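So the structure is just underneath, and the comments pick up after that.
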Ligand SMILES: Cc1cc2nc3c(=O)[nH]c(=O)nc-3n(C[C@H](O)[C@H](O)[C@H](O)COP(=O)(O)OP(=O)(O)OC[C@H]3O[C@@H](n4cnc5c(N)ncnc54)[C@H](O)[C@@H]3O)c2cc1C
Ligand SMILES: Cc1cc2nc3c(=O)[nH]c(=O)nc-3n(C[C@H](O)[C@H](O)[C@H](O)COP(=O)(O)OP(=O)(O)OC[C@H]3O[C@@H](n4cnc5c(N)ncnc54)[C@H](O)[C@@H]3O)c2cc1C
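Chains as they are written, first to last, in the numbering used here: chain A, 31 to 300; chain B, 247 to 678.
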């Protein structure tokens, strides 16, 4: 029986995010939120391990109340329960504070039943730091296995897990002792298509919420106070100067284009 | 064992959601299926949302719904290749309560409307296509969703699936498949532009909006219209024409949109804008005569799926919401009797007939056929009107009386007096 926790983050759909050129902040208003894509693969991996070895999958997210939606998604994918960590005091947490709060929540879960495996995405597509997973592993003293692209075996008797890590141009097969924290890449699996009863169950499920009082937290280590990082500046790469658009009917425009390319000696004059 | 709900609704557009909200509030167990990632993600609309019908579903929605701009001005432009004849109406009474209409982006608005349905107790299932209906003899008893264990039994099914109404056909309510005379295809681009630029270019006070409908060269003379709507910090620019005329002219809608965007009257409005999104969609334009059977045993059709679109007035979402609301009311009455057979669902059609929905469509019932048969209304007349205006406004020492004669000669050279009289008569009969 594997006790597993998957950390899922709610992120803005990057396809629709813009950066406000004046304030240098992300314009999140009205942008739909989605589950961090890597985290979906993390949930899938945990659910598949559960099917193979038995066990229980808990999805964990820190965020505002709306983050319920990504937890529902995890439930629909087969997670057994979902816990939302939400409190005003958590607002403004950087990776240090976020990993502290998540680690504390995992410790609380471990007091019920010891946790064997924690899953995180490789990185969040908005923050992009890839620090939260390693941060949690370090705090918990778990084996840290990043960029997992395959899980070969889990042996609870011997207490190890064997994974393949995705490295540039190669893969590394590595065995680590349990408990372990994995950060995963998309190659790990294909998301499976949920059954209708599973979706309905997820839509109707109640989501447990924990606030700061449910966890044993040092107030100096959470929220803005516990966050030494500050973002100095964030900016979109400068827009490329617009090219020239040749107007007109396709035939005439093509002729103009060819003439221009010949003139610029990009193509030969025949 | 199959899942069981009292009502299944297919499609979370304005029609399905209006029905869902009404039913859920009355305590009915409703499940809504939406094939998009979330409601609105597959929907395309100019789009102008009308305040009145929306308020019958969610009172004071405008205080919290994601809207773009209240529409204070509507313009109509008749284009030729280099000119435009324009007409418009602007009123500051539209700028405040009770409001008349708003521009919206459906990806946001539908999602919000769906939240209202869920808050009322409806169950929304996204990313799930309803593939088929479940039957028992001649009555619909549920749906088959495209997922494992996807059968859902229901007392009654509302088909609010939009223009591409495959299930309405499967329900036997509509005979023919896609009829190119009854469907328009529309493409639309969302062009980002800073709000101050929008307000300057369109002569708007802060936060206010305007719409432009364009005819004539805007559609290369095909039956249809183009539009430019102002959002908060983008413009919705699109063009829609009858599928049959596109096929006849061997054109594709993208070319039409590019043609529109490069028109001298339009180009400057868009300059510097960044294209954010490109979408295409069908609009049912068959009108009154193409309306399918609206109900059967255990099934009702609402919105675009039922061809309830008034193309002439660019109204669709309001007919969709109103029909969804009336479908729900019909179901609530049938629920009292515990009988959802066709006979008990018949009041749906009667209520629609008493409302503006069928009355408006009936009024214009000849229009689709008439304009399809008389394309010169979209080609020749804009030209003639434009030439007449140019002649009249050109100051060249020709006496006005002589100018009028010239204009008349030009017109009658193209269309005989008898033809003109006929056109006028028929136009009046179709539109009046
Ligand atoms: C525009 C912007 C501005 C920011 N400004 C500030 C600032 O001013 N001050 C400041 O201190 N910090 C700031 N942050 C940092 C922000 O708080 C981080 O996004 C957050 O700490 C998580 O880091 P990450 O997104 O890089 O996650 P990563 O480390 O890239 O995430 C890896 C994995 O960790 C898990 N994970 C991460 N976050 C969560 C979560 N909340 N719940 C559950 N699992 C999670 C997921 O499994 C995820 O796949 C800013 C971030 C952004 C994008
Ligand atoms: C370019 C354009 C501009 C328009 N402009 C305006 C305007 O300015 N004002 C106005 O009032 N109207 C406008 N309309 C018309 C308006 O968009 C429609 O009349 C209105 O959306 C109809 O609502 P509906 O709920 O019937 O259908 P839709 O809004 O089309 O919703 C149907 C929903 O059903 C879903 N669906 C379909 N089949 C299935 C299935 N088998 N299983 C699960 N889900 C399914 C679809 O994904 C969709 O979300 C415009 C239309 C277009 C294309």
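The beta carbon of each residue, even a glycine, is placed where N, CA and C say it ideally should be.
Source: prediction; values computed, not measured.
Asked: Shorter than 8 Å from the beta carbon of residue 177/A to some beta carbon of chain B?; Found: no
Asked: Mind checking who residue 457/B pairs with in its DSSP beta bridge?; Found: 320/B, 475/B
Asked: For a contact defined as C-beta to C-beta under 8 Å, what are the partners of residue 144/A on chain B?; Found: Residues of chain B passing the Cβ test: none, with the nearest at roughly 33 Å.
Asked: Is residue 213/A helix, strand or coil by DSSP?; Found: strand
Asked: Please list the segments of the beta strand (DSSP E) lying wholly inside the segment 467-547 of chain B, counting only runs of 3 or more residues, in order along the chain.; Found: 470-476, 480-488, 520-530, 545-547
Asked: Name the two residues that bound the continuous alpha helix (DSSP H) containing residue 597/B.; Found: 593-600
Asked: Let me make sure I understand the geometry here. Which of 84/A, 101/A, 87/A, 32/A has the alpha-carbon closest to that of residue 64/A?; Found: 101/A
Asked: Residue 375/B by DSSP, collapsed to three states: which one?; Found: coil
Asked: Which complete beta strand (DSSP E) runs does the segment 251-320 of chain B hold, if anything under 3 residues is left out?; Found: 276-279, 294-296
Asked: Examine chain A for any beta-carbon lying closer than 8 Å to the beta-carbon of residue 371/B, and answer yes or no.; Found: yes
Asked: Between residue 637/B and residue 255/B, what straight-line distance do the alpha-carbon atoms span, to the nearest angstrom?; Found: 57 Å
Asked: Residue 395/B CB to nearest chain A CB: under 8 Å?; Found: yes
Asked: Since residue 374/B meets chain A, which of its residues come closer than 8 Å, beta carbon to beta carbon?; Found: 226, 229
Asked: Using the beta-carbon of each residue, which ones in chain A are nearer than 7 Å to residue 391/B?; Found: 226
Asked: Using 8 Å as the limit for Cβ to Cβ distance, is residue 62/A near chain B?; Found: yes
Asked: Any idea if residue 553/B is buried or exposed, counting beta-carbon neighbours within 10 angstroms, 16 or more meaning buried?; Found: buried
Asked: So, does the CB of residue 75/A fall closer than 8 Å to a CB anywhere in chain B?; Found: no
Asked: Does any residue of chain A have a CB that is nearer than 8 Å to the CB of residue 249/B?; Found: yes
Asked: CA-CA distance, residue 306/B and residue 455/B?; Found: 19 Å
Asked: At a CB distance below 8 Å, what residues from the segment 658-673 of chain B approach chain D? Give them in sequence order.; Found: In the structure shown, chain D cannot be found, because the protein chains are A and B.
Asked: When you compare each of 148/A, 287/A, 44/A to residue 266/A by their alpha carbons, which one comes out closest?; Found: 44/A
Asked: Does the CB of residue 284/B have a neighbour CB from chain A at under 8 Å?; Found: yes
Asked: If you compare alpha carbons, which of 626/B, 323/B, 368/B is closest to residue 234/A?; Found: 368/B
Asked: Can you give me the C-alpha to C-alpha distance between residue 713/B and residue 562/B, rounded to a whole angstrom?; Found: Any question about residue 713/B goes unanswered here, given that chain B covers just 247 to 678.
Asked: May I have a chain-ordered list of the beta strand (DSSP E) segments no shorter than 3 residues that lie completely inside the segment 113-156 of chain A?; Found: 147-151
Asked: State yes or no: is the C-beta of residue 566/B nearer than 7 Å to some heavy atom of ligand 2?; Found: yes
Asked: Would you please verify whether the beta carbon of residue 83/A is less than 8 Å from any beta carbon of chain B?; Found: no
Asked: My understanding is that residue 135/A touches residue 245/A, with C-beta atoms under 8 Å, so please give their C-beta distance in whole angstroms.; Found: 6 Å
Asked: Examine ligand 2 and report whether any of its heavy atoms sits within less than 7 Å of the Cβ of residue 291/B.; Found: yes
Asked: Sort 470/B, 314/B, 466/B, 450/B by Cα distance to residue 459/B and report the nearest one.; Found: 470/B
Asked: Cβ of residue 355/B within 8 Å of Cβ of residue 346/B?; Found: no
Asked: Is there a C-beta anywhere in chain A that falls below 8 Å from the one on residue 480/B?; Found: no
Asked: Measuring straight from C-alpha to C-alpha, what distance separates residue 498/B and residue 317/B?; Found: 31 Å
Asked: What does residue 508/B touch in chain A if you count any residue whose Cβ is under 8 Å from its own?; Found: 277
Asked: Which class does residue 249/A belong to by DSSP, given the choice of helix, strand or coil?; Found: helix
Asked: To the nearest angstrom, how far is the alpha carbon of residue 277/B from that of residue 371/B?; Found: 7 Å
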